[in-house]
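Undergrad:
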Amino acid sequence: EVGQRWAARVGDPLYAGVSVKVAALAEACLAGSVSRNAFYPVPNVDSVLVRLRAKAQPETGERQSLFEVVDTGFRQRRKRLRNALASPQHPPASIEAALRTAGLDTGARAEELDLEGFVALTSALRP
Numbered sequence: 021e022v023g024q025r026w027a028a029r030v031g032d033p034l035y036a037g038v039s040v041k042v043a044a045l046a047e048a049c050l051a052g053s054v055s056r057n058a059f060y061p062v063p064n065v066d067s068v069l070v071r072l073r074a075k076a077q078p079e080t081g082e083r084q085s086l087f088e089v090v091d092t093g094f095r096q097r098r099k100r101l102r103n104a105l106a107s108p109q110h111p112p113a114s115i116e117a118a119l120r121t122a123g124l125d126t127g128a129r130a131e132e133l134d135l136e137g138f139v140a141l142t143s144a145l146r147p
């Protein structure tokens with residue numbers, strides 16, 4: 021399940037914050053599977069192989085900001101981002117304005133945004 025989460029895309033039930041973070045750092049794709057019978061003792065699950073191809077790394081500060089937005093957004097994944105990201109520094113109205121600036125639906129949830137959406141939103145939230 022971990023490997024499937026790493027390679028998950030928007031719309032996949034396993035899509036999560038870790039999916040966005042992995043996508044920010046590398047291209048991930050499932051490269052094969054390994055039967056549970058290949059291990060001893062035999063586990064209760066099959067395994068997958070994940071191929072990761074590293075991407076050029078963003079600046080550390082940009083990556084940290086992106087990961088904070090992703091973590092906060094997915095903390096309550098079914099909540100709309102305007103509420104999930106709200107804080108004293110960013111009231112819901114300012115989150116809504118940032119979503120508009122980023123060209124995103126103001127009623128979007130974290131599970132509906134791909135990496136590019138999170139990058140655009142993070143950029144729009146910067147002072």
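Under this note's numbering, the first residue of the sequence shown is numbered 21, with each subsequent residue one higher.
Where a beta carbon is used, it is the ideal one built from N, C-alpha and C, also for glycine.
Small disclaimer: the values here were computed from a predicted structure and weren't measured.
#1: Runs of 3 residues minimum, wholly inside the segment 70–101: which ones carry the beta strand (DSSP E) assignment?
#2: For P63 and R56, I'd like the C-alpha separation in whole angstroms.
#3: How many Å lie between G23 and E82 at the Cα?
#4: Given that a residue counts as buried once 16 or more other Cβ atoms are within 10 Å of its Cβ, and exposed if not, what is G123?
#5: By a C-beta neighbour count over all protein chains shown, 10 Å radius and 16 as the cutoff for buried, is T121 buried or exposed?
#6: State the start and end residues of the unbroken beta strand (DSSP E) segment that holds G52.
#7: Along the chain, where does the alpha helix (DSSP H) containing P112 start, and where does it finish?
#8: Restricting to Cα atoms, I'd like to know which of E21, A28, R29 and Y35 is closest to R97.
#9: Tell me whether the beta-carbon of L86 lies closer than 8 Å to the beta-carbon of R102.
#10: With 16 as the cutoff for other CB atoms within 10 Å, does T142 come out buried or exposed?
#11: Give the secondary structure of R29 by DSSP, where H, G and I count as helix, E and B as strand, and everything else as coil.
#12: By the three-class DSSP mapping on this structure, what secondary structure does V139 have?
TA: Short version:
#1: Correct list: empty.
#2: Cα to Cα, the separation comes out at about 6 Å.
#3: 25 Å
#4: Exposed.
#5: exposed
#6: A46 to V54
#7: P112 to T121
#8: Y35
#9: no
#10: buried
#11: coil
#12: helix
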